[in-house]
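Participant:
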Amino acid sequence: MAKIIRRERLVPNLHLLEIEAPQVARKCKPGQFVIIMPDERGERIPLNIADWDSEKGTVTSVFLVVGTSTQKLSILRSGDEVPVYVGPLGKPAEIKKYGTVLCAGGCYGIGAVYPVARAMKKAGNKVISLIDVKANYLLYWEDKLKAVSDEFFVSSRDSYYDCKEFIPKVLKEVVKTTKIDRVISYGCTYLMYTCSEVTRPLGIKTIVSLNPIMLDGTGMCGACRVSIDKKTKFACVDGPDFDGHLVDWQELFSRRKSYFDDEIQSLCYWEKENFPKS
Amino acid sequence: MPDKTKQMPPELKASLRAGFNEAWRKELRKSLPVKERMKIRRQKMPERKPDLRNKHFKEVNFGLAVKNALKEAQRCLDCANPMCVMGCPVGIDIPAFIKLIEAGRFNDSARKLKETNSLPSICGRVCPQESQCEAVCNLKKATGVSVAIGNLERFAADFERDSGKVFIPKALPPTGKKVAIIGAGPAGLTVAGELVKKGHKVTVFEALHVAGGVLVYGIPEFRLPNKILRAEVEYLKRLGVKFEMNIVVGKTVSLKDLKSDGYDAFFIGTGAGLPHFMNIPGENLIGIYSANEYLTRVNLMRAVDFPEYDTPVFKGKRAAVLGGGNVAMDSARTAKRLGAEMSAIVYRRSRVEMPARAEEVHHAEEEGIEFHFLTTPIRYFGDDKNRVKAMECLRMRLGEPDSSGRRRPVPIKDSEFIMEVDLVIVAIGNSSNPLIGQTTPELEVGKWGNVEVDWDTMATNMEGVYAGGDIIRGGATVILAMGDARIAAAGMHKYLSSKK
Ligand SMILES: Cc1cc2nc3c(=O)[nH]c(=O)nc-3n(C[C@H](O)[C@H](O)[C@H](O)COP(=O)(O)OP(=O)(O)OC[C@H]3O[C@@H](n4cnc5c(N)ncnc54)[C@H](O)[C@@H]3O)c2cc1C
Ligand SMILES: Cc1cc2nc3c(=O)[nH]c(=O)nc-3n(C[C@H](O)[C@H](O)[C@H](O)COP(=O)(O)OP(=O)(O)OC[C@H]3O[C@@H](n4cnc5c(N)ncnc54)[C@H](O)[C@@H]3O)c2cc1C
Ligand code: SF4
Ligand code: SF4
Ligand code: FES
Numbered sequence: 001m002a003k004i005i006r007r008e009r010l011v012p013n014l015h016l017l018e019i020e021a022p023q024v025a026r027k028c029k030p031g032q033f034v035i036i037m038p039d040e041r042g043e044r045i046p047l048n049i050a051d052w053d054s055e056k057g058t059v060t061s062v063f064l065v066v067g068t069s070t071q072k073l074s075i076l077r078s079g080d081e082v083p084v085y086v087g088p089l090g091k092p093a094e095i096k097k098y099g100t101v102l103c104a105g106g107c108y109g110i111g112a113v114y115p116v117a118r119a120m121k122k123a124g125n126k127v128i129s130l131i132d133v134k135a136n137y138l139l140y141w142e143d144k145l146k147a148v149s150d151e152f153f154v155s156s157r158d159s160y161y162d163c164k165e166f167i168p169k170v171l172k173e174v175v176k177t178t179k180i181d182r183v184i185s186y187g188c189t190y191l192m193y194t195c196s197e198v199t200r201p202l203g204i205k206t207i208v209s210l211n212p213i214m215l216d217g218t219g220m221c222g223a224c225r226v227s228i229d230k231k232t233k234f235a236c237v238d239g240p241d242f243d244g245h246l247v248d249w250q251e252l253f254s255r256r257k258s259y260f261d262d263e264i265q266s267l268c269y270w271e272k273e274n275f276p277k278s
Numbered sequence: 279m280p281d282k283t284k285q286m287p288p289e290l291k292a293s294l295r296a297g298f299n300e301a302w303r304k305e306l307r308k309s310l311p312v313k314e315r316m317k318i319r320r321q322k323m324p325e326r327k328p329d330l331r332n333k334h335f336k337e338v339n340f341g342l343a344v345k346n347a348l349k350e351a352q353r354c355l356d357c358a359n360p361m362c363v364m365g366c367p368v369g370i371d372i373p374a375f376i377k378l379i380e381a382g383r384f385n386d387s388a389r390k391l392k393e394t395n396s397l398p399s400i401c402g403r404v405c406p407q408e409s410q411c412e413a414v415c416n417l418k419k420a421t422g423v424s425v426a427i428g429n430l431e432r433f434a435a436d437f438e439r440d441s442g443k444v445f446i447p448k449a450l451p452p453t454g455k456k457v458a459i460i461g462a463g464p465a466g467l468t469v470a471g472e473l474v475k476k477g478h479k480v481t482v483f484e485a486l487h488v489a490g491g492v493l494v495y496g497i498p499e500f501r502l503p504n505k506i507l508r509a510e511v512e513y514l515k516r517l518g519v520k521f522e523m524n525i526v527v528g529k530t531v532s533l534k535d536l537k538s539d540g541y542d543a544f545f546i547g548t549g550a551g552l553p554h555f556m557n558i559p560g561e562n563l564i565g566i567y568s569a570n571e572y573l574t575r576v577n578l579m580r581a582v583d584f585p586e587y588d589t590p591v592f593k594g595k596r597a598a599v600l601g602g603g604n605v606a607m608d609s610a611r612t613a614k615r616l617g618a619e620m621s622a623i624v625y626r627r628s629r630v631e632m633p634a635r636a637e638e639v640h641h642a643e644e645e646g647i648e649f650h651f652l653t654t655p656i657r658y659f660g661d662d663k664n665r666v667k668a669m670e671c672l673r674m675r676l677g678e679p680d681s682s683g684r685r686r687p688v689p690i691k692d693s694e695f696i697m698e699v700d701l702v703i704v705a706i707g708n709s710s711n712p713l714i715g716q717t718t719p720e721l722e723v724g725k726w727g728n729v730e731v732d733w734d735t736m737a738t739n740m741e742g743v744y745a746g747g748d749i750i751r752g753g754a755t756v757i758l759a760m761g762d763a764r765i766a767a768a769g770m771h772k773y774l775s776s777k778k
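Take a look at the structure:
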């Protein structure tokens, strides 16, 4: 059992979850993830580690509410417990002095990319952060990210911030004027895919954090298999970070939809149990 | 691997002899002449009807009734030279436990079993008896039909558990030594039981949220009910074993961390990990599972009870299972139970080479599982949603024997054909779990990722670190894992006793 220290809504549909897990906090590295099971009947789902405090012994994730498991997580309160919280899993992100590193994040990836940006900065890189939100009120952790970035851009569809284009277009502009040595893209699959397509012709190494469906997260089941350079890899042990130019994106998109009908059924069942006759 | 043609160790021989000469055993032998014993027919274990049981997950076998167990025990000739013991990888004193059943001392029989086998109710159910103890039983040589050793083992162990009088041995005084067991599979659980009885402080670290290893996430409920395993784990807790769940050693903590936390000795029982795939086109289509994933969804995550439980699983109409072992049988029978109209085993060799337990193959056939021998898939086809819809197969014939002594399957030219399937389960084996090896560079591992050990003590190249079970064998059996565990426990106890 792991105790919830804090669960709060950051912006509509995105929540922060801080969990007491001293052993995990002691070992966290940027780019790793945890597996959490919201209750005894729940699914084991992976969440990136967005921050941690090894002294306090807590680990933080940011999650988007999409289905039953994340719905269940979104109603937890501090003091509640979850039956499974295991990590840190996966290979840490490769942190080195590359020169100029561009971190592109959207959705839960704004949180997930933060520790990578922080470590890249600490390793002596110039860090450019490129954040994408649908509207101004969906931006979170602006201060945190600014503190570890040399340059900070936000694109939002309502043109409230620097520009209204979707991130890849912005990325295209930035690479025209600035020499980028490495791109890190975290967040929804579509964002990671389109960022990789922008940098592919330019040959800029682009690292993405893949999010296939997982089960154990320890290399035992093969649920998380992805094709990298035409070879099958297990994202939970060989990744989740991979070279975005080598990923078979169509396969990932379709495999992520494996249980589409079941997920809707599951959510309806849960809503009926919890909000009868509403 | 250790030498299989080993002689019976002298201590075992002496203790078998001593038991044989006990007065009550002599009496019992005299009570019924051998000729009469040989006339008794092997007692059948009652089973659920195939066409009913293949729709739910209740256990297939009911277990022997008392009167049948007594009768079956009479069949055992209490041989002066009990070959059966040589067939058992842990050398259980088989005539002793069977004669205790014949004498009606069921709980004593269970205790006798537990002297050498800490999980008899499990081994009685899942051991491949027909190729081990029962294969060399003298009664089989004489009459063609062996004593039902496995069924009797299960009977005694179940009786003791159900009687509520499970014997809790007195632990020896605390030694002050701390032991860390990594992995709560049969190997880890066995070492934990042995060492806690010796007075050591034992903690088991397990990556998943339920203890039992393959016994909980792999072997289905209809073959090994969960409550049996839970009872075994409860028993260990009562002996004082501590369980730390959701800890991946190598990730959450390292061996080094555990060492600095004051652990004196370690046992690695992390089992088999990475499932093998065939690396043929289309293998990542939706609806193609590894057996590990399929069975874990159904057993551990209870996808049977979806949507009450959140984890889904595909319920195919036409399922193909690749492989011929126990894992394949379990997968095919599970798919049938989840509603598949066709559930088929597709195996590249022939029936005789199948490594599955005879009873499982028999049960699978009864339940309507189809068998396609000498067949192998070469690629998959998907529909517009990337879901598997068909599989192209090739027919094989058997050629020369390979290194395992089994005849090698050779493809027959132009024999391709299409099989329509919407669910495929790949059950062609696993390699050893790589996690500890990867994160503990000092540890010596072989080319298959298996941890290397000294087979006499199960010691690895690192001081105080031992290993056993599937992590050193790369996919074996419960009883072999437990046999390793007993040797390791002895080695570890010796090591701990010598340590100041
Ligand atoms: C390494 C990794 C890190 C991730 N980090 C984050 C994160 O930091 N924040 C965040 O919001 N999300 C993250 N995800 C995605 C997150 O796991 C899914 O959104 C979540 O599992 C959805 O569960 P659900 O029951 O709420 O939704 P469901 O209704 O079950 O599914 C909605 C969609 O989520 C995906 N999904 C479903 N089950 C799983 C599963 N067991 N594992 C992975 N994906 C699944 C599928 O694409 C599915 O279509 C990460 C995924 C991976 C693999
Ligand atoms: C479907 C199926 C059916 C089978 N049927 C039979 C049968 O009928 N008869 C038979 O004799 N054998 C059978 N087997 C084989 C048998 O189950 C195994 O040989 C046996 O379980 C091996 O035991 P083990 O303790 O070595 O490993 P496992 O049972 O694999 O247990 C290893 C445990 O270690 C945990 N672990 C792994 N890595 C870590 C880590 N880094 N940190 C912490 N914990 C970790 C795992 O989660 C797991 O719980 C079957 C196997 C399967 C999959
Ligand atoms: S443990 Fe297995 S091999 Fe040994 S006696 Fe029991 S059934 Fe036979
Ligand atoms: S060999 Fe067979 S008959 Fe003889 S003691 Fe063993 S089980 Fe009994
Ligand atoms: S989630 Fe099971 S192997 Fe990656």
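Same order as they appear, the protein sequences are chains U and G. Be aware that the first sequence starts at 1, since it is given in the working numbering, and climbs by one per residue. Be aware that the second sequence starts at 279, since it is given in the working numbering, and climbs by one per residue. A virtual CB, placed ideally from N, CA and C, is assigned to each residue, including glycine. Keep in mind that this is a model prediction, so the values were computed, not measured.
(1) I want to see whether chain G comes within less than 9 angstroms of K27(U), judged by CB atoms only; does it?
(2) Give me the DSSP bridge partner(s) of R665(G).
(3) Chain G partners of Q23(U), CB-CB under 8 angstroms?
(4) Would you please state the rounded distance, in angstroms, between the beta carbons of E20(U) and A2(U)? I believe it to be under 8 angstroms.
(5) Nearer than 8 angstroms: is that true of the beta carbon of I75(U) relative to any heavy atom of ligand 1?
(6) On the CB-based measure, 16 or more other CB atoms within 10 Å of its CB, does N274(U) come out buried or exposed?
(7) Relative to the alpha-carbon of R389(G), which residue among Q407(G), I370(G) and P679(G) has its alpha-carbon at the smallest distance?
(8) Roughly how many angstroms separate the alpha carbons of G57(U) and E638(G), rounded to a whole number?
(9) For H640(G), count neighbouring Cβ atoms within 10 angstroms of its own Cβ and tell me buried if that reaches 16, exposed if not.
(10) Should the stretch 413-428 of chain G be called in touch with the stretch 453-467 of chain G, which here means at least 3 C-beta pairs below 8 angstroms?
(11) Identify, in the order they occur along the chain, each residue of the same chain with its Cβ nearer than 8 angstroms to the Cβ of L139(U), setting aside the five sequence neighbours on each side.
(12) With 7 angstroms as the C-beta to C-beta threshold (strictly closer), list the residues of the stretch 239-267 of chain U near chain G in chain order.
(13) For the beta strand (DSSP E) that L600(G) lies in, which residues bound it at each end?
(14) Can you check whether the CB of Q321(G) is closer than 9 angstroms to the CB of A426(G)?
(15) DSSP beta-bridge partners for S209(U)?
(16) Any C-beta of chain G sitting closer than 9 angstroms to the C-beta of S209(U)?
(17) Cβ-heavy atom distance between M220(U) and ligand 5 below 8 angstroms?
(18) With 16 other CB atoms within 10 Å as the buried threshold, where does H771(G) fall?
(19) For D700(G), decide whether its Cβ has a neighbour in chain U, counting only Cβ atoms nearer than 9 angstroms.
(20) Kindly indicate if chain U contains any beta-carbon less than 9 angstroms away from that of A485(G).
(21) Measuring CB atoms only, is the stretch 472-488 of chain G touching the stretch 512-522 of chain G, in the sense that at least three cross pairs come out at less than 8 angstroms?
(22) Can you tell me whether I213(U) sits near ligand 1, meaning its C-beta is under 8 angstroms from at least one heavy atom of the ligand?
(23) Per DSSP, what kind of secondary structure is Y140(U) in: helix, strand or coil?
(24) As a quick exercise: from N577(G), A550(G), K345(G) and E289(G), pick the residue whose alpha carbon is nearest that of Y495(G).
(25) Just to confirm my understanding: we take C195(U), look at its own chain, exclude 5 residues before and 5 after, and list those with CB closer than 8 angstroms. What are they?
(26) What residue from V62(U), M192(U), G106(U) and T177(U) has the CA that sits closest to P212(U)'s CA?
(27) If we cut at 9 angstroms on Cβ distances, does T574(G) have a partner in chain U?
(28) When the distance is taken between beta carbons, is I750(G) closer than 9 angstroms to E730(G)?
(29) Ordered along the chain, which non-local residues of its own chain (more than five positions away) have a Cβ less than 7 angstroms from that of D539(G)?
(30) When the Cα atoms are used, what is the spatial distance from L673(G) to T654(G)?
(31) Compute the distance between the beta-carbons of A543(G) and A458(G), then report whether it is under 9 angstroms.
(32) Any idea if R44(U) is buried or exposed, counting beta-carbon neighbours within 10 angstroms, 16 or more meaning buried?
(33) Let's see if you can read the secondary structure: which residues bound the alpha helix (DSSP H) around H771(G)?
(34) Could you have a look at C103(U) and say whether DSSP puts it in helix, strand or coil?
(35) Given the structure, does V113(U) come close to ligand 1, in the sense that its CB is under 8 angstroms from one of the ligand's heavy atoms?
(36) Whole angstroms is fine: what's the gap from L342(G)'s alpha carbon to L430(G)'s?
Facilitator: Taking the structure as given:
(1) Interface residue, yes.
(2) DSSP lists I564(G) as partners of R665(G).
(3) Result: I525, T530 and V531.
(4) 6 angstroms between Cβ atoms; contact.
(5) No.
(6) So N274(U) counts as exposed.
(7) For R389(G), the closest C-alpha among the options Q407(G), I370(G) and P679(G) is that of I370(G).
(8) So the two alpha carbons sit approximately 49 angstroms from each other.
(9) Looking at its Cβ environment, which holds fewer than 16 other Cβ atoms inside 10 Å, H640(G) is exposed.
(10) Touching, no, given that fewer than three Cβ pairs across the two stretches are closer than 8 angstroms.
(11) Cβ within range, chain order: V11, I110, I131, V133, V154, S156 and Y161.
(12) Taking 7 angstroms as the Cβ-Cβ cut-off against chain G, the residues of the stretch 239-267 of chain U that qualify are E251, S254, R255, S258, Y259, D262, Q265 and S266.
(13) Start and end: R596 to L600.
(14) It is a contact, given that the beta carbons lie within the stated cut-off.
(15) In the DSSP output, where bridge partners are listed per residue, S209(U) has D241(U).
(16) For S209(U), the answer is no, since every Cβ of chain G falls outside 9 angstroms of its Cβ.
(17) In this structure, the C-beta of M220(U) approaches ligand 5 to less than 8 angstroms from one of its heavy atoms.
(18) When all chains shown are included, H771(G) counts as buried.
(19) It does not: the Cβ of D700(G) has no partner Cβ on chain U nearer than 9 angstroms.
(20) Between A485(G) and chain U, the shortest Cβ-Cβ separation is below 9 angstroms.
(21) Three or more Cβ pairs closer than 8 angstroms define a contact, and the stretch 472-488 of chain G meets that threshold against the stretch 512-522 of chain G.
(22) In terms of side-chain proximity, the C-beta atom of I213(U) is found nearer than 8 angstroms to a non-hydrogen atom of ligand 1.
(23) Y140(U): coil per DSSP, three-state reduction.
(24) The shortest Cα separation from Y495(G) among N577(G), A550(G), K345(G) and E289(G) belongs to N577(G).
(25) Sequence-distant partners of C195(U) (beyond 5 residues in either direction) whose C-beta falls short of 8 angstroms from its own C-beta, in its chain, are A104, I167, P168, L171, V183, S185, T206, V208 and G244.
(26) Answer by Cα proximity: M192(U).
(27) With 9 angstroms as the cut-off, T574(G) counts as an interface residue toward chain U.
(28) Yes, the pair counts as a contact, with Cβ atoms nearer than the cut-off.
(29) Here the set comprises nothing.
(30) Going by the sequence as given, residue 673(G) is Arg instead of Leu. Going from the Cα of R673(G) to the Cα of T654(G) covers about 7 angstroms.
(31) A distance below 9 angstroms separates the beta carbons of A543(G) and A458(G).
(32) Its Cβ being crowded by 16 or more others within 10 Å, R44(U) is buried.
(33) First-last of the alpha helix (DSSP H) with H771(G): V756 to S776.
(34) It is a strand residue.
(35) No - ligand 1 has no heavy atom lying nearer than 8 angstroms to the Cβ of V113(U).
(36) Rounded to the nearest angstrom, the two C-alpha atoms are 8 angstroms apart.
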